[in-house]
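Mapped onto numbering that gives the first Met the number 0, the consecutive letters of the sequence shown carry residue numbers 0 to 56. Encoded as structure tokens, the structure appears first; notes follow it.
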Amino acid sequence: MNPKDTLFSRNHSIKIKGQLIDFSVPKVMGVLNVTPDSFYDGGRYTAEKKIASKVEK
Numbered sequence: 000m001n002p003k004d005t006l007f008s009r010n011h012s013i014k015i016k017g018q019l020i021d022f023s024v025p026k027v028m029g030v031l032n033v034t035p036d037s038f039y040d041g042g043r044y045t046a047e048k049k050i051a052s053k054v055e056k
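In structure tokens form, the structure reads like this:
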């Protein structure tokens, strides 16, 4: 099997819409569900200030 055909490829970048995204350095991303029917927090974080506070955590 060719290494470039696996998840362990040495290429750590991709091009999206003409911009090169480098994945050789770790990236952090989070998703905050703020819908009123959120199953995790019961929709307690609907006010903008509460949402911003939760994002900062």
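Even for Gly, the Cβ is constructed at its ideal location relative to N, Cα and C.
Residue closest to residue i, alpha-carbon to alpha-carbon, out of the options
i, options, result
"residue 22", "29, 28, 34 and 13", "13"
"residue 25", "15, 34, 36 and 11", "11"
Identified DSSP bridge partners for residue i
i, result
"residue 12", "21"
Residue range of the alpha helix (DSSP H) that includes residue i
i, result
"residue 54", "47-55"
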